[in-house]
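Shown next as structure tokens:
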């Protein structure tokens, strides 16, 4: 996790990736589950696909998903207009998988394998636009 390397933008990208993985899995890199070569990056990478993402996503994020619908109002950055739309279960899986995939790419061990922060911004905006229509 904290590899002690020189300060760099690639290190910031790594930290951002770890932060995304922590937020969406509800796990910390120092949790007891991560031993014997397993870390939050590898754990997430093994399950980053839409059909498996529910296995690693923090259950608190999936409460509504279990109801087969999700109220997009909590995802809508413009709540002032009080727009409500229902988003299907599969769409939520794809959104979660896309975010986990971004976190995995950002937290690659080799800096050369990581996305640049500009690429990350474009990817996050693309997820928002594709799935939520903003």
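Residue numbers (our numbering): 27 to 160. Using N, Cα and C, we set each Cβ at its ideal position, and we do this for glycine too.
In the structure shown, residue 123 adopts helical secondary structure according to DSSP, grouped into three states. Of 120, 131, 82 and 83, the smallest CA-CA separation from residue 76 is found for 120.
The three-state reading of DSSP puts residue 153 in helix, counting H, G and I together. Short of 7 Å from the beta carbon of residue 127, and not among the five residues preceding or following it, lie these beta carbons of its own chain, in chain order: 74. At a cut-off of 4 residues, the continuous stretches assigned as alpha helix (DSSP H) that sit fully inside the stretch 55-80 are 66-71.
Going by C-alpha positions, residue 54 is about 6 Å away from residue 48. Secondary structure at residue 37: helix, using DSSP grouped into helix, strand and coil. Its Cα nearest to that of residue 130, the residue 43 stands out among 43, 36 and 32.
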